[in-house]
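Written out below as structure tokens is the structure these notes cover.
Numbering (this note's numbering), first residue to last: 357 to 757.
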């Protein structure tokens, strides 16, 4: 076996083995490697060596046979465990010896970023932090590993703007990250805009010609409310709002309809001009409040499980169908109990231990009850077209204090 390189600080380097040496014997075993397919044999031979006991290695150097004794150590992982750093909106890990070489760094100090959440503190910084950046310092505090990073962030209370030093390749850069205080459960305030619970399609010129309609407008394709007295129906063509025509030409122009609705206060009554069954009529309708988005939905993070959930919102109803009640899995920490149990982002949790879960308040109540009673957890979930049970043992309550 030809030695192509020797890692700094490794048992091989300490024993004096160098690149260019040809290993011909390991312990009592001759090394017989003739083709690339024989490589696994050598790897197995090395992996079976006893730890912390000297082994004789015989090799050739410049045609002369030499022997050294080295003490094998447990092999380090290729990559360290990736963990989520919620305060920064990133996933990151310590730098292994292998990754140090891969990143062409001189030491293993620092924390390498493996992912950045869009819209999170790191992603919104200017310049934004990115995958493979290595964080080396926050507010003057050296960051040598994940432990240093977590301790540093724990010491920063409430909302704060922090200076972050990081390496991007050979560049040593600075950025300012705006941190926000973490909250287990929160409802993000948002400005309520005017809206109607309908889906519409633009009437293009070709469609208007076929329907023999002169006015421009939108076609109602879906109604999201079950109110019996709601005045709009699927198939209605809306041509005016409060006497103002809709400049609709292309399929993308349907957004003009929704934008015009935002001009009116929530709860106000507006008059629509519609064509129904070939007849033009005027129809009064109350302007509704725009429903919360996924980012604005109430959320709850459960530390022991390594999971966060949010309430079902209008965007989910459009995908899942009306009448769905439960909570949506929003994030799952890598290596957490939830991850090991194979709960996935997007799963709809319908029940916990046989009891229905309608919202995040109920979810928290059920989790607190199971924690207090040290019970197992059985989740009944909906995933795409499947329904299944997922069990997490009561050991979860001993995981984190």
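A virtual CB, placed ideally from N, CA and C, is assigned to each residue, including glycine. Just so you know, these numbers come straight off a predicted model, no measurement behind them.
query	result
Rank 476, 623, 738 by C-alpha distance to the C-alpha of residue 677 and give the top, closest one.	738
Taking 8 Å as the limit between beta carbons, can you name the residues of its chain near residue 752, skipping five residues before and five after?	660, 661, 693, 733
Where does residue 519 sit, in a helix, a strand or coil, going by DSSP?	strand
Examine the Cβ distances between the region 463-472 and the region 499-507 and report whether three or more of them are shorter than 8 Å.	yes
Closest to residue 427 by CA distance: which of 700, 403, 549 is it?	403
Let's see if you can read the secondary structure: which residues bound the alpha helix (DSSP H) around residue 612?	610-617
Once the 5 residues before and after residue 476 are set aside, which same chain residues still bring their CB inside 8 Å of it?	444, 445, 446
Determine the direct distance from the alpha carbon of residue 411 to that of residue 435, and round the result to whole angstroms.	27 Å
Which residue or residues does DSSP assign as beta-bridge partners of residue 738?	704, 743
What would DSSP say about residue 549, mapped onto helix, strand or coil?	coil
Where residue 540 and residue 663 are concerned, what is the direct C-alpha to C-alpha distance, given to the nearest angstrom?	Here the model assigns residue 540 a pLDDT of 46, short of 50, so the residue's position is not dependable, and the following value carries that caveat. Cα to Cα, the separation comes out at about 11 Å.
Once you ignore the five residues that flank residue 398 on each side, which residues in its own chain have a CB closer than 7 Å to its CB?	357, 387, 389
Could you tell me which residues DSSP pairs with residue 415 in its beta bridges?	379, 422
In terms of DSSP beta bridges, what is residue 627 paired with?	640
Does the structure place the region 616-636 close enough to the region 589-598 that three or more beta carbon pairs sit under 8 Å?	yes
Excluding the 5 residues flanking residue 372 on each side, which residues of the same chain have their C-beta closer than 8 Å to its C-beta?	424
Thinking C-beta only, is residue 574 closer than 8 Å to residue 590?	no
How long is the line joining the alpha carbons of residue 380 and residue 452, rounded to whole angstroms?	29 Å
Using three-state DSSP, classify residue 450 as helix, strand or coil.	strand
What are the boundary residues of the beta strand (DSSP E) that includes residue 435?	Premise fails: residue 435 is in no beta strand (DSSP E) and is neither H nor E.
Return the first residue and the last residue of the alpha helix (DSSP H) that residue 729 is part of.	716-729
With 16 as the cutoff for other CB atoms within 10 Å, does residue 658 come out buried or exposed?	buried
CB residue 631 to CB residue 665, shorter than 8 Å?	no
Could you check if residue 545 is buried or exposed, using at least 16 other CB atoms within 10 Å of its CB as the buried criterion?	Caution is warranted here: a pLDDT of 48 is assigned to residue 545, below 50, making its placement in the model unreliable, and no coordinate value can be reported.
For residue 572, count the other beta carbons within 10 Å of its own beta carbon; 16 or more makes it buried, fewer makes it exposed. Which is it?	buried
Using the C-alpha atoms, what's the distance from residue 514 back to residue 507?	15 Å
Indicate whether the contact test is met: 3 or more Cβ pairs, each with one atom in the region 717-725 and one in the region 685-703, closer than 8 Å.	no
Given residue 487, which residues of its chain have a CB within under 7 Å of its CB, disregarding the five upstream and five downstream residues?	469, 470, 471, 472
DSSP beta-bridge partners for residue 358?	378
By the three-class DSSP mapping on this structure, what secondary structure does residue 363 have?	coil
Would the beta-carbon of residue 643 fall within 8 Å of that of residue 620?	yes
Just confirm the distance between the C-beta atoms of residue 520 and residue 554, as a whole number of angstroms; I'd bet it's less than 8 Å.	Incorrect: roughly 46 Å between the Cβ atoms, too far for contact.
Excluding the 5 residues flanking residue 616 on each side, which residues of the same chain have their C-beta closer than 6 Å to its C-beta?	597
Starting from the C-beta of residue 483, find all residues in its chain whose C-beta is less than 8 Å away, skip the five residues before and the five after it, and write them out in chain order.	529, 531
What is the DSSP secondary structure of residue 565, reduced to helix, strand or coil?	helix
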